[in-house]
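Student:
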């Protein structure tokens, strides 16, 4: 499901309360966590699966996507536990995967996982290239969210509508267009520098330039028409984000000047997510170029998130987890961890520190906070459980995920239709028949309690954009501990 949902959770489940012994950070197997966090993406694949597919309970799905409009839109990822392909979160996932490899590619390679993550990224970029229909056209969604969410079907034999949705000059969507530009620009750096595929990298970059021009010249908020993943923050942050990545990919001053000239669009935030990228822009330009306004705002982000900062504006659970909101809080934990780790590196390289109203924080302080969040997610918490499916001895077993909760089509050819899937599998009290290894769920509430209940999608659903920022942080911790 998506960020636009507001339904209340109903039903009863055993609530896991505080007090059980937590897994110590020293016992966490970061290598295993890294491998599984990347493997997760194979369970989200749409389209024909390759012979190298490791998540074997999945099968081919959505093989005619785009046929309603005569365009090949097969491929890409399902965003979460449903069967819709949403362009905004998919592109954001690609940008974060790329950023992680740009900054920590060596650490990921040292762990033997670079090829796997490159494959996970290319599964998106190949799809995004298909989605660009021309200079002023972008396909931004496949599948009707309302119809899909009313059904509980595995993707391999779903019968819900696969309607295709576009933005264009007449019906603009600056947010998905600019995010797609960011994704392709960032990915072009990865494929050029880490894989040595200059031809593919140039294709990505050329398309990034084109789709950013469309985003900038045909401005209009996606929020005016979108049913899901509406951008409540508007489209200006995506334009800054897209320009930032185009500057990094091309080195052209016009993109740097774009970010400088429009710094008034930036403002202090204490969160970084698919809808609002200003904190990402601030951390990048504040650390890399030391642009004063962005640097000030970047350090405000740090000060507002640190548990012991006098300027803290966020909630920290009794067990030490950053808590922004109840609906899939782990996404905020993941992105904050990445930004903290990146700025920790900047402070270490520059020899600087951060002053939060008289309290000084060093590179080590930022590293420790980022690590504490990862450790909590992986089991060092009051519940003594991992929030990554298939990792550790205790983890969620009722992941809110259609494909994982219905028997694999390879083992059970029974067709479970729209409502039959709800009655038989969604409402089942049993663990999912398929373990979606590596899926990071929404996590506990603000008191560190968690109910392992499939219908509690606030806490038991995983999204592609949770794993993406966690992968590089786990790799950095693994390398630091080596």
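Numbering (mature numbering (1 follows the signal peptide of the UniProt record, and there is no 0)), first residue to last: -26 to -1, 1 to 456.
Note that the Cβ used here is the ideal one computed from N, Cα and C, for glycine as well.
1) When you compare the CB positions of residue 53 and residue 438, do they come within less than 9 angstroms of one another, or not?
2) Look up residue 142 in the DSSP assignment and say whether it is helix, strand or coil.
3) Please report how far the alpha carbon of residue 129 lies from the alpha carbon of residue 402, in whole angstroms.
4) Classify residue 260 as buried or exposed, calling it buried when 16 or more other Cβ atoms lie within 10 Å of its own Cβ.
5) Determine whether the beta carbon atoms of residue 98 and residue 181 lie at a separation below 9 angstroms.
6) For residue 389, count neighbouring C-beta atoms within 10 Å of its own C-beta (all shown protein chains included) and say buried if the count is 16 or more, exposed if not.
7) For residue 151, collect the residues of the same chain with a Cβ closer than 6 angstroms to its Cβ; drop the 5 residues on either side in sequence, then sort them by chain order.
8) Using a Cβ-Cβ cut-off of 7 angstroms (strictly less than) and excluding sequence neighbours within five positions of residue 172, which residues of its own chain qualify?
9) Helix, strand or coil: how does DSSP classify residue 228 here?
10) In three-state terms, what does DSSP make of residue 329?
11) For residue 454, which residues from the same chain have a beta carbon less than 7 angstroms from its beta carbon, with the 5 sequence-adjacent residues on both sides left out?
12) With a cut-off of 8 angstroms on the beta carbons, I'd call residue 125 and residue 395 a contact; round off their distance for me.
13) Can at least three beta-carbon pairs, one atom from the segment 152 to 159 and one from the segment 407 to 421, be found at a separation below 8 angstroms?
14) When you compare only the Cα positions, how much space is there between residue 178 and residue 158?
15) State the Cα-Cα distance for the pair residue -17 and residue 429, rounded to the nearest angstrom.
16) Looking only at its chain, what residues have a beta carbon closer than 7 angstroms to the beta carbon of residue 364, apart from the 5 residues adjacent to it on each side?
17) Please report how far the alpha carbon of residue 448 lies from the alpha carbon of residue 6, in whole angstroms.
18) Compare the C-alpha of residue 305 against each of 229, 348, 271, 221 and name the closest.
19) Excluding the 5 residues flanking residue 232 on each side, which residues of the same chain have their C-beta closer than 6 angstroms to its C-beta?
20) Considering Cα atoms alone, identify which of 196, 30, 23 is closest to residue 384.
21) Let me know if residue 25 comes out buried or exposed under the rule of 16 or more other beta-carbons within 10 Å of its beta-carbon.
22) Just to confirm my understanding: we take residue 436, look at its own chain, exclude 5 residues before and 5 after, and list those with CB closer than 6 angstroms. What are they?
23) Here's a check: name, in chain order, each residue in its chain whose Cβ is nearer than 7 angstroms to the Cβ of residue 206, leaving out the five neighbours to either side.
24) CA-CA distance, residue 69 and residue 160?
25) So for residue 136, helix, strand or coil by DSSP?
26) If I measure Cβ to Cβ from residue 295 and keep anything under 6 angstroms in the same chain, skipping five residues before and after, which residues do I get?
27) For residue 44, tell me which candidate among 353, 23, 136 has the shortest Cα-Cα distance.
28) Give every residue of the same chain whose Cβ lies closer than 7 angstroms to the Cβ of residue 246, excluding the five residues on either side of it in the sequence, and list them in chain order.
29) Classify residue 386: buried if its beta carbon has 16 or more other beta carbons within 10 angstroms, exposed otherwise.
30) Please identify the residue among 74, 405, 392 whose C-alpha is closest to the C-alpha of residue 123.
31) Along the alpha helix (DSSP H) that carries residue 80, what are the first and last residues, could you check?
32) By Cβ distance, which residues of its chain are closer than 6 angstroms to residue 46, with the 5 residues on each side in sequence left out?
33) Can you tell which of 33, 300, 114, 42 has its C-alpha closest to the C-alpha of residue 204?
34) Given a cut-off of 9 angstroms on the beta-carbon distance, is the pair residue 28 and residue 8 in contact?
35) Please report the distance separating the alpha-carbon of residue 323 from that of residue 344.
36) Using the C-alpha atoms, what's the distance from residue 301 back to residue 19?
Tutor: Answer, in terms of the structure:
1) Position 79 of the chain shown holds residue 53. Position 464 of the chain shown holds residue 438. Contact: yes.
2) The residue labelled residue 142 in the question sits at position 168 within the chain shown. Looking at residue 142 - three-state DSSP - the assignment turns out to be strand.
3) Your numbering for residue 129 matches position 155 in the chain shown. Your numbering for residue 402 matches position 428 in the chain shown. Those two C-alpha atoms are separated by around 19 angstroms.
4) Working through the chain shown from its first residue, we reach residue 260 at position 286. By the neighbour-count definition (other C-beta atoms within 10 Å, threshold 16), residue 260 is a buried residue.
5) Here residue 98 refers to the residue found at position 124 of the chain shown. Here residue 181 refers to the residue found at position 207 of the chain shown. No, the pair does not count as a contact, with Cβ atoms beyond the cut-off.
6) By one-based count along the chain shown, residue 389 stands at place 415. Residue 389 comes out exposed.
7) Taking the chain shown and counting its residues from 1, the one referred to as residue 151 is at position 177. Correct list, in chain order: 112, 185, 188, 189.
8) In the chain shown, counting from the first residue as 1, residue 172 sits at position 198. Correct list, in chain order: 166.
9) For the purposes of this step, residue 228 is taken as residue 254 along the chain shown, with counting starting at 1. Looking at residue 228 - three-state DSSP - the assignment turns out to be helix.
10) What you label residue 329 is simply residue 355 of the chain shown in a count that begins at 1. Strand, per DSSP.
11) Taking the chain shown and counting its residues from 1, the one referred to as residue 454 is at position 480. Result list for residue 454: empty, nothing under 7 angstroms.
12) As a position in the chain shown, residue 125 is number 151, starting the count at 1. As a position in the chain shown, residue 395 is number 421, starting the count at 1. Between residue 125 and residue 395, the beta carbon gap of about 7 angstroms places them in contact (Cβ cut-off 8 angstroms).
13) As far as the Cβ criterion goes, the segment 152 to 159 does not touch the segment 407 to 421, which means the pair count is below three.
14) As a first step, residue 178 must be located in the chain shown, where it is residue number 204. As a first step, residue 158 must be located in the chain shown, where it is residue number 184. Cα to Cα, residue 178 sits roughly 5 angstroms from residue 158.
15) As a working mapping, residue -17 is identified with position 10 in the chain shown. As a working mapping, residue 429 is identified with position 455 in the chain shown. Low per-residue confidence applies at residue -17: pLDDT is 36, beneath 50, and the placement is therefore not dependable enough to give any value.
16) As a position in the chain shown, residue 364 is number 390, starting the count at 1. Contacts found: 10, 409, 411, 412.
17) The sequence position of residue 448 within the chain shown is 474, counting from 1. The sequence position of residue 6 within the chain shown is 32, counting from 1. Rounded to whole angstroms, residue 448 to residue 6 spans 10 angstroms at the Cα level.
18) Counting from one through the chain shown, the residue named residue 305 turns up at place 331. The shortest Cα separation from residue 305 among 229, 348, 271, 221 belongs to 348.
19) If you number the chain shown from 1, residue 232 lands on position 258. Closer than 6 angstroms at the Cβ level, and outside the excluded window around residue 232, lie 217.
20) Residue numbering aside, residue 384 sits at position 410 when the chain shown is read from its first letter. Closest by alpha carbon: 30.
21) As a position in the chain shown, residue 25 is number 51, starting the count at 1. Exposed, because fewer than 16 other Cβ atoms sit within 10 Å of the Cβ of residue 25.
22) The residue given as residue 436 occupies position 462 in the chain shown. Cβ within range, chain order: 413, 414, 415.
23) Taking the chain shown and counting its residues from 1, one reaches residue 206 at position 232. Correct list, in chain order: 197, 249.
24) Taking the first residue of the chain shown as 1, we reach residue 69 at position 95. Taking the first residue of the chain shown as 1, we reach residue 160 at position 186. Those two C-alpha atoms are separated by around 6 angstroms.
25) Numbered from 1 along the chain shown, position 162 holds the residue referred to as residue 136. Reduced to three states, the DSSP call for residue 136 is coil.
26) For this step, residue 295 is matched to residue 321 along the chain shown. Cβ within range, chain order: 350.
27) Taking the first residue of the chain shown as 1, we reach residue 44 at position 70. It is 136 whose Cα lies nearest to the Cα of residue 44.
28) On the chain shown, position 272 is the one that residue 246 refers to. If we look at residue 246 and ignore the five residues flanking it on each side, its Cβ neighbours are 253, 254, 309, 310, 313.
29) If you number the chain shown from 1, residue 386 lands on position 412. Residue 386 should be labelled exposed.
30) Looking up residue 123 in the chain shown gives position 149. Of 74, 405, 392, the residue nearest in Cα terms is 392.
31) In the chain shown, counting from the first residue as 1, residue 80 sits at position 106. Unbroken alpha helix (DSSP H) run through residue 80: 61 to 84.
32) Locating residue 46 in the chain shown gives position 72, counting from the first residue. Correct list, in chain order: 40, 104.
33) Against the chain shown, residue 204 aligns to sequence position 230. That would be 114, whose Cα lies nearest to the Cα of residue 204.
34) For the purposes of this step, residue 28 is taken as the residue at position 54 of the chain shown. For the purposes of this step, residue 8 is taken as the residue at position 34 of the chain shown. No.
35) The residue you call residue 323 lines up with position 349 of the chain shown. The residue you call residue 344 lines up with position 370 of the chain shown. Taking the straight line joining both Cα atoms gives about 17 angstroms.
36) As a first step, residue 19 must be located in the chain shown, where it is residue number 45. As a first step, residue 301 must be located in the chain shown, where it is residue number 327. One C-alpha to the other measures close to 24 angstroms.
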